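Right, one structure below, let's go through it.
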DNA sequence: CATATTTACGTAACTTGTTATGTAAATTTA
DNA sequence: TAAATTTACATAACAAGTTACGTAAATATG
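Protein chains in written order, with my numbering: chain A, 1 to 318; chain B, 1001 to 1318.
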């Protein structure tokens, strides 16, 4: 069993399960020795009934942290063993209430003795320990309630990935990425229009020669994101932010936000006061990102693109 | 989920399982997010192969603390997914060695990234904790290796029961217990003989009137054990220890030993130097008990009971 | 107040482990 | 060295939970 020693925290799940099974097995054997034929899996339900006298299925399931079908099975087995009985709730026809039978009540005493003895044995282990397993479990449960391991790990990943991300001005080697990354999302949600073909094939004349800027995000040796700033003739706005694309392979790492911020920084550094963009209401995540970057909805602007029905703008310093 | 708060250490097994499942679910989801379709249950086997390159089923099973059928299933699934391959061991026809395939090796890198990120997330939790779950788990595993919870609880129970045990001289109310407890074990292992009927029906004349003693063990208001000291005519021995019986309902609580010690104490206090007993080699636990009490095997004594083929004696102060 | 939604519970099918049992190869023993 | 035992693995059946889905009662909503 050297696996846990070698694998570290990553295997915490398996390790806990193993310890749990070991203890569960002991509990079953103990119950036999104490002269009761309660199965270990019956314990939680039985224990609650023992304390409260009666309860409905849903309450039992919530109390012990299992699903209701699991409780239904346990209750059925307990009923077959003659330890509990269920009666319909007179107030609510959907509910059925589980009661201890006389025979079930008779089982309480040996069980309580077992519980006392197990608690004493556990106290003995605790006394020999320098660490507090109880405290540690409680703390873990609380911390995971606040933020699950999943979220915690994803946020670790995001921070790490952002450290590896570099955002640089467009160079000719970035042309394939510029084309492919943008074509991918456009043709996924819409149909490529004439203006798209031009700007994707020839960014030099459609963006750069007009005084625009293109930023490319690189991650682990690959171009994974693009974003452009295009000067506007409308005097209300300085630049249009356009062709924001991030490779689906690296989505969820916050690259879009990083790229957007870098692009806006660039705009402000070029003296811009207001940056404008156009998008479509079907692109919910993109709109959420723009809002996070400070963009606010504006109206009354016409677009050369058919697909654009949402207009947004952000002002320097907002 | 108030159950754990209410039930205390007794429910440690369920509590660990619940936490384990929660983490396992997160691990599966994480793997998807990291672009690998490794199932969480594949992790341990895959991880070991990743480190060692190849291994046989039994070694894998021992390393991860699961049974070999579980490993066989995992290996079959991994093979179906094209991640591993098994070849027969040329040195041992029973064994088959599991290797990572090229596709399996390609999965290593994203997995290692996942592991690093999870470890970092766990480290973050550990940093927020005042208790050390790792240390606590390691300690529990070690303490349970030394002595399982089962044994610990049984020893708690034994100590508690012994505190409730009282051993007193025979009184007429003890007559039914004297009779029934002894008849039970005699007729379970042998056939009741004439001498048995007499001594069980009339302990007064067969033991007490001859200068003998009878001790009765009481536990929770019931007579649960008997033991007699009968004076002997053989000048080599002072008393015979006989009719040692303990109710099966309370076996394993150490009552036999307590009763035996009390009886020997009584013998020494009456001035005896040597106590003798007869038994049968089929009664292995009884003989073990007598040896624990200090009795040693002797030979060359004839018995009035047919069933007695083992003779033992103990000397004062041994 | 009729309709839509939610809630409580049941059932079926699946998941991830276990024990029990069988078989062939290797090893030990008489 | 033949026979008995042990070892390595496979497979079937079981265990204890889950998810998915269905139904009827209760509750919310237009």
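Backbone N, C-alpha and C fix where the C-beta goes; we use that ideal spot for every residue, glycine too. Keep in mind that this is a model prediction, so the values were computed, not measured.
- Between residue 1007(B) and the set 14(A), 68(A), 107(A) and 134(A), the nearest pair of CA atoms involves 134(A).
- Within the region 1147-1175 of chain B, those residues whose Cβ lies closer than 8 Å to any Cβ of chain A are, in chain order, 1148, 1149, 1150, 1152, 1153, 1154, 1155, 1156, 1157 and 1160.
- Excluding five sequence positions before and after residue 1058(B), the CB atoms of its chain that fall closer than 7 Å to its own CB belong to 1068, given in chain order.
- For residue 112(A), the nearest beta carbon of chain B is not closer than 8 Å to its own beta carbon.
- Between residue 68(A) and chain B, the shortest Cβ-Cβ separation is not below 8 Å.
- At a beta-carbon threshold of 7 Å, none of the residues of chain A lie near residue 1281(B); the nearest stands roughly 27 Å away.
- Unbroken alpha helix (DSSP H) stretches of 4 residues or longer found wholly inside the region 1089-1129 of chain B: 1102-1128, given in chain order.
- Within the region 1015-1028 of chain B, the residues whose Cβ lies closer than 7 Å to some Cβ of chain A are 1015, 1016, 1017, 1018, 1019, 1020, 1022, 1023, 1024, 1026 and 1027, listed in chain order.
- Interface with chain B (8 Å Cβ-Cβ cutoff): residue 47(A) is included.
- Between residue 305(A) and residue 228(A), the C-beta gap is not smaller than 8 Å, which leaves the two residues out of contact.
- Looking at the DSSP output, residue 241(A) bridges to 229(A).
- If the five residues before and after residue 208(A) are omitted, its C-beta is found closer than 8 Å to the C-beta atoms of 170 and 214, all from its own chain and listed in chain order.
- Along the region 1128-1142 of chain B, the positions whose C-beta sits under 9 Å from a C-beta of chain A are 1128, 1129, 1130, 1131, 1132, 1133, 1134, 1135, 1136, 1137, 1138, 1139, 1140 and 1141, read in chain order.
- Of the candidates 1030(B), 1039(B), 1281(B) and 1018(B), the residue whose Cα lies closest to the Cα of residue 1190(B) is 1281(B).
- Beta-bridge annotation (DSSP): residue 168(A) is paired with 216(A).
- For the pair residue 273(A) and residue 234(A), the CB atoms are not nearer than the 8 Å cut-off.
- Beta-carbon to beta-carbon, residue 1063(B) and residue 1049(B) are separated by about 11 Å, too far to satisfy the 8 Å threshold.
- Beta-bridge pairing by DSSP links residue 298(A) to 311(A).
- In the DSSP annotation of this structure, residue 279(A) is not part of any alpha helix (DSSP H); the continuous beta strand (DSSP E) holding it starts and ends at 274-279.
- Per DSSP, the unbroken beta strand (DSSP E) holding residue 56(A) starts and ends at 54-56.
- In the DSSP assignment, residue 263(A) falls within the unbroken alpha helix (DSSP H) covering 255-269.
- Secondary-structure assignment with DSSP links residue 1086(B) through a beta bridge to 1098(B).
- Residue environment analysis places residue 1090(B) among the exposed positions, since fewer than 16 neighbouring C-beta atoms fall within 10 angstroms of its C-beta.
- Taken atom to atom, the span from the alpha-carbon of residue 1042(B) to that of residue 1260(B) is near 56 Å.
- Residue 1023(B) has its alpha-carbon roughly 13 Å from the corresponding atom of residue 1015(B).
- Chain-order list of chain A residues neighbouring residue 1030(B): 150 and 153, by C-beta distance under 7 Å.
- Residue 1147(B) and residue 1005(B) have their C-alpha atoms roughly 26 Å apart.
- In this structure, the straight-line span from the alpha carbon of residue 165(A) to that of residue 251(A) is close to 13 Å.
- Rounded to the nearest angstrom, the gap between the Cα atoms of residue 152(A) and residue 84(A) is 43 Å.
- Straight-line spacing of the CA atoms in residue 46(A) and residue 76(A) works out to 12 Å.
- With its beta carbon at least 8 Å from every one in chain A, residue 1037(B) lies outside the interface.
- Rounded to the nearest angstrom, the Cβ distance from residue 1098(B) to residue 1086(B) is 5 Å, consistent with a contact under 8 Å.
- Across the set 1032(B), 1095(B), 1029(B) and 1026(B), the C-alpha of 1095(B) shows the shortest separation from the C-alpha of residue 1055(B).
- Rounded to the nearest whole angstrom, the C-alpha separation of residue 187(A) and residue 143(A) is 43 Å.
- Classified as exposed, residue 292(A) has fewer than 16 neighbouring CB atoms from the shown chains inside 10 Å of its CB.
- Contacts with chain B at 8 Å (Cβ-Cβ) do not include residue 57(A).
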